[in-house]
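Undergrad: Mapped onto the working numbering, the consecutive letters of the sequence shown carry residue numbers 7 to 576.
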Amino acid sequence: MYLNLTTRIKNIPLTTEMKILLTKITTFRFYIVFIAIVFILLINGIGNYGLAETSEARYAEISREMFISSDYLNPKLLGIFHYHKPPLTYYITTVGYRIFGINEFGARFFLQIAIVIQLLLIYGMAQLLFHNKKIAFISGLIYFSIPIVLISSRNLTTDAYLTTFILGAIYCWQNYTNYKRIFYLYLFYILVALGLLTKGPVELIFIFTYIITYKILFRAGFKITLHHALGFILCLLLGGSWYFILIMDNSGLWNYFLEKQLYSRVALDSFNRSKPFWFFIPLIIILLFPWWIPIIGKYVKRLLIAFKGDKESKLLLISTLCTLIVFSIFSTKLILYILPVFWMMSLLISALLIKTGNKISFILNHAFSFMILVFFMGVFTCYIMKPEFIKIANGTLILTFICVSIYTGIYFALDNYSPIKTAILATVFSGTVLVTTTSILPDNSVAINSTKEIIGFINAEGHNQESTILVYDYLLSSVPFYTEANQITLKSTHNTTDREVLFQHDNLWRNNLWDMKDDQTIYRLDSISYKPHTFLLVRKKSPLPNNLNFLKNHFKAQLEYTKWWLYYNK
């Protein structure tokens, strides 16, 4: 539909008012309006769906336990010390709990603030590098249109916060480099320290790669002043504070941080996250679609001409490529690990889009129109066909239709050959996906691996604190987030149940982590399975072994979920 109608708009002349609007729309005032709209879209519905296992639930539960215990030094997960990550993400999340309560909204609120801050910093970075408001404006719109940014806003992990600190640090360094403002130099070191308290030394890869690339391309020297020395000391003291305090209390944590949490993640199959070298290549292709379409067509020469002699664009491209190569060498890989490179790609795409002429914008406009049409048809088809794997409510379909209608209106209102129009269409498409998926998630907890529906049923059937929930061969971090029932993890072969207990001060952890290789434990399990208000959760992927099949007969009722079997006694 969109592809057939686009030819009609080419002959429609723009009014003087429309031309003035397109000229003024790149001002910072309009950018603030854009950010305000984005914030509303981001915050809408973030408390309506359950925590996703395993990562999001883990961060939310550690923060909850930290908030309740007031122990802000030793993160704990289900009562066991959990030193995998520095604590700043947990601190931020506990602030959300203090303001909004212990719920999903409180857990995710500051993620949305992080995205808003990133958008402000992207505008500032584009101004510092290109001194062009139009590039700065379009960069923010493009960044919001990239799917990985939306993912980071909907999934509580360290990555959105880490990206904010990295981007903030680079912005301050660039500001200091351009204008020699000492305030920004010290703020740079403070933000680097906060990044270290968020995810450790990994942030330095992004920052050093950018700085070294800039120094080489712009032939800038490495002049070290007293302020650099003082800033470094400040960064070391602040960024290393949590590590120093813990190591003073337990010297064994030094080797743990270096070997288990640093070396093993880089060189070994740490936590079963090892991926091949090329893992990020298809992800980049998917996440940056359709922005790369012009480079495979006849416009590649035009892009190369625009790129030639542009040190700023080379800085962004080389920094991105070098960072991706480093992370490709690392053994451990997850999609959100490379989130901090996409702000650079947004600036690069924006700069090239402005410099390469309007034909490329016209092609991208068609691409986004096709994508939103396919997206709407997909939602509509699922609504009509009602497949088992997804539920589409009436309200979701209406919301999607409204968003597509807004997209259509913008498409025909703005000039086909304007880069600003392309960025706006990309943003509206991204907003459509965000609004639709947020509306879908509450009715599809299984799709995000959430236990909220299951635990809700258990709470209704049981007597909360008197109930016992047995989870076989899987660590469900979100269970205590939704219930006060006693949770016991039955450890067998799955890696999530292999907890690190070497730093525990006592054996109380054994009360809630039972080893199924111990005959005495099986006897205890046999005894507890007869009791009322006892619930056993078994994943379909990991059924009970033959020596535990007898447990099924001990429970009076059972219920089947998409991924789980629930056996229980009322």
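Where is the CB? At the ideal position from N, CA and C, for every residue including glycine. All figures in this text were calculated on a predicted structure; none of them were measured in a lab.
On the three-pair Cβ rule with 8 Å, is the region 118-130 touching the region 187-203?
TA: The region 118-130 is not in contact with the region 187-203.
Undergrad: Is VAL44 helix, strand or coil by DSSP?
TA: One-based indexing of the sequence shown puts residue 44 at position 38. Helix at VAL44.
Undergrad: Would you list the residues sitting across from PHE541 in a DSSP beta bridge?
TA: One-based indexing of the sequence shown puts residue 541 at position 535. ILE475 and TYR574.
Undergrad: Residues in its own chain within less than 7 Å of ILE461 by CB, not counting five upstream and five downstream?
TA: Against the sequence shown, residue 461 aligns to sequence position 455. Contacts found: VAL485, TYR488 and THR489.
Undergrad: Assuming SER436 and LEU48 form a contact by the criterion Cβ under 8 Å, report the distance between their Cβ atoms to the nearest whole angstrom.
TA: As a first step, residue 436 must be located in the sequence shown, where it is residue number 430. As a first step, residue 48 must be located in the sequence shown, where it is residue number 42. At roughly 11 Å, the Cβ-Cβ gap does not stay under 8 Å, so SER436 and LEU48 are not in contact.
Undergrad: With which residues is LYS569 paired in a DSSP beta bridge?
TA: Indexing the sequence shown from 1 puts residue 569 at position 563. Paired residues: none, contrary to the question.
Undergrad: Between ILE355 and chain D, is the shortest Cβ-Cβ distance under 7 Å, so that the two count as touching?
TA: Annotation note: the requested chain D is absent from the structure, which comprises a single protein chain.
Undergrad: Could you pull out every residue in the same chain whose Cβ sits closer than 7 Å to the Cβ of GLY201, ignoring the five residues on either side in sequence?
TA: To locate residue 201, count along the sequence shown from 1; it is residue 195. LEU168, PHE171, ILE172, ALA175 and GLU209, listed in sequence order.
Undergrad: Pairing CB atoms from the region 506-516 with CB atoms from the region 539-546, are three or more of them under 8 Å?
TA: With a cut-off of 8 Å, the region 539-546 and the region 506-516 do not count as touching, because too few Cβ pairs lie within range.
Undergrad: How is the alpha helix (DSSP H) around ASN465 delimited, first residue to last?
TA: Within the sequence shown, residue 465 is the residue found at index 459, counting from 1. Run containing ASN465: 458-467, per the alpha helix (DSSP H) assignment.
Undergrad: Quick one: what does DSSP say SER76 is sitting in, helix, strand or coil?
TA: To locate residue 76, count along the sequence shown from 1; it is residue 70. SER76: coil per DSSP, three-state reduction.
Undergrad: What's the call for PRO538, buried or exposed, on a 16-neighbour Cβ count within 10 Å?
TA: Position 532 of the sequence shown, counting from 1, holds the residue named residue 538. Its Cβ having fewer than 16 others within 10 Å, PRO538 is exposed.
Undergrad: If we count the other Cβ atoms within 10 Å of its Cβ and call it buried at 16 or more, is SER75 buried or exposed?
TA: Locating residue 75 in the sequence shown gives position 69, where the first residue counts as 1. So SER75 counts as exposed.
Undergrad: Going along the chain, which residues of its own chain have a beta-carbon closer than 6 Å to the beta-carbon of VAL477, five neighbours each way excluded?
TA: The residue given as residue 477 occupies position 471 in the sequence shown. Counting only Cβ-Cβ distances below 6 Å, and skipping sequence neighbours, we find THR495 and LEU543.
Undergrad: Tell me which residues share the same chain as ILE534 and place their Cβ nearer than 7 Å to its Cβ, disregarding the 5 neighbours each side in the sequence.
TA: Residue mapping note: residue 534 aligns to position 528 of the sequence shown, counting from 1. So the qualifying residues of the chain are THR474 and THR540.
Undergrad: Among ILE396, PHE87 and ILE360, which one has its Cα closest to the Cα of THR580?
TA: Because the chain here runs from 7 to 576, residue 580 falls outside it and cannot be looked at.
Undergrad: Near ARG279, what residues of its chain come up, given a Cβ to Cβ distance below 7 Å and the 5 sequence neighbours on each side ignored?
TA: By one-based count along the sequence shown, residue 279 stands at place 273. Cβ within range, chain order: THR338, LYS339 and LEU340.
Undergrad: In whole angstroms, what separates the C-alpha of PHE463 from that of THR433?
TA: In the sequence shown, counting from the first residue as 1, residue 463 sits at position 457. In the sequence shown, counting from the first residue as 1, residue 433 sits at position 427. Those two C-alpha atoms are separated by around 39 Å.
Undergrad: DSSP has ILE494 in a bridge; who is on the other side?
TA: As a position in the sequence shown, residue 494 is number 488, starting the count at 1. LEU476, per the DSSP bridge assignment.
Undergrad: Would you give the residue range spanned by the beta strand (DSSP E) that ASP521 belongs to?
TA: Counted from its first residue, the sequence shown places residue 521 at position 515. Its beta strand (DSSP E) spans residues 519-521.
Undergrad: So the candidates are PHE87, LEU147, ASP532 and TYR96; which of them puts its Cα closest to the Cα of VAL39?
TA: Position 33 of the sequence shown, counted from the start, is the residue given in the question as residue 39. Ranking PHE87, LEU147, ASP532 and TYR96 by Cα distance to VAL39 puts LEU147 first.
Undergrad: Our contact map puts SER356 next to ILE141 with C-beta atoms below 8 Å; I'd like the distance itself, whole angstroms only.
TA: In the sequence shown, the residue the question calls residue 356 occupies position 350. In the sequence shown, the residue the question calls residue 141 occupies position 135. Sure, about 5 Å apart at Cβ, within 8 Å.
Undergrad: Give the list of continuous alpha helix (DSSP H) stretches no shorter than 4 residues that lie fully inside the region 379-422.
TA: You should have 400-419.
Undergrad: Considering Cα atoms alone, identify which of ASN559, PRO549 and MET383 is closest to HIS500.
TA: Against the sequence shown, residue 500 aligns to sequence position 494. Checked all of ASN559, PRO549 and MET383; the closest Cα to HIS500 is PRO549.
Undergrad: Closest to TYR343 by C-alpha separation, out of ALA373, ILE396, VAL272 and PRO393, would be which residue?
TA: The residue given as residue 343 occupies position 337 in the sequence shown. Answer by Cα proximity: VAL272.
Undergrad: Do you know how far the Cα of ILE239 is from the Cα of THR231?
TA: One-based indexing of the sequence shown puts residue 231 at position 225. One-based indexing of the sequence shown puts residue 239 at position 233. Using only the alpha carbons, I get a separation of about 13 Å.
Undergrad: Is DSSP giving LYS82 helix, strand or coil here?
TA: By one-based count along the sequence shown, residue 82 stands at place 76. Correct three-state label for LYS82: strand.
Undergrad: For MET254, count neighbouring C-beta atoms within 10 Å of its own C-beta (all shown protein chains included) and say buried if the count is 16 or more, exposed if not.
TA: Residue mapping note: residue 254 aligns to position 248 of the sequence shown, counting from 1. Classification for MET254: exposed.
Undergrad: For PHE87, write down the residues that DSSP places opposite it in a beta bridge.
TA: By 1-based counting over the sequence shown, the position of residue 87 is 81. Its beta-bridge partners are LYS82.
Undergrad: Leaving out five residues before and five after LEU127 in sequence, what residues of the same chain have Cβ atoms less than 8 Å from its Cβ?
TA: Position 121 of the sequence shown, counting from 1, holds the residue named residue 127. Result list for LEU127: THR170, LEU173, GLY174, TYR177 and TRP349, in chain order.
Undergrad: Do you know offhand how far TYR103's Cα is from ASN450's?
TA: For the purposes of this step, residue 103 is taken as residue 97 along the sequence shown, with counting starting at 1. For the purposes of this step, residue 450 is taken as residue 444 along the sequence shown, with counting starting at 1. Near 25 Å, if we compare the C-alpha coordinates of ASN450 and TYR103.
Undergrad: Considering Cα atoms alone, identify which of ASN184, GLY85 and TYR417 is closest to LEU134.
TA: Indexing the sequence shown from 1 puts residue 134 at position 128. Residue ASN184 is the option with its Cα nearest to LEU134.
Undergrad: Identify, in the order they occur along the chain, each residue of the same chain with its Cβ nearer than 8 Å to the Cβ of PRO92, setting aside the five sequence neighbours on each side.
TA: Counting from 1 along the sequence shown, the entry for residue 92 is found at position 86. These residues qualify, in order along the chain: LEU202, LEU203, THR204, LYS205, GLY206, TRP248 and TYR249.
Undergrad: For ASN492, which residues of its own chain have a beta-carbon under 6 Å away from its beta-carbon, when the five flanking residues on both sides are left out?
TA: Walking along the sequence shown from the start, residue 492 turns up at place 486. Here the set comprises THR474.
Undergrad: Under DSSP, the alpha helix (DSSP H) around GLN180 begins and ends at which residues?
TA: Mapped onto the sequence shown, residue 180 falls at position 174. First-last of the alpha helix (DSSP H) with GLN180: 165-185.
Undergrad: Whose CA, out of ILE287, SER352, ASN364 and ILE292, lies closest to the CA of LEU330?
TA: Along the sequence shown, read from residue 1 onward, the residue named residue 330 stands at position 324. Nearest C-alpha to LEU330: ILE287.
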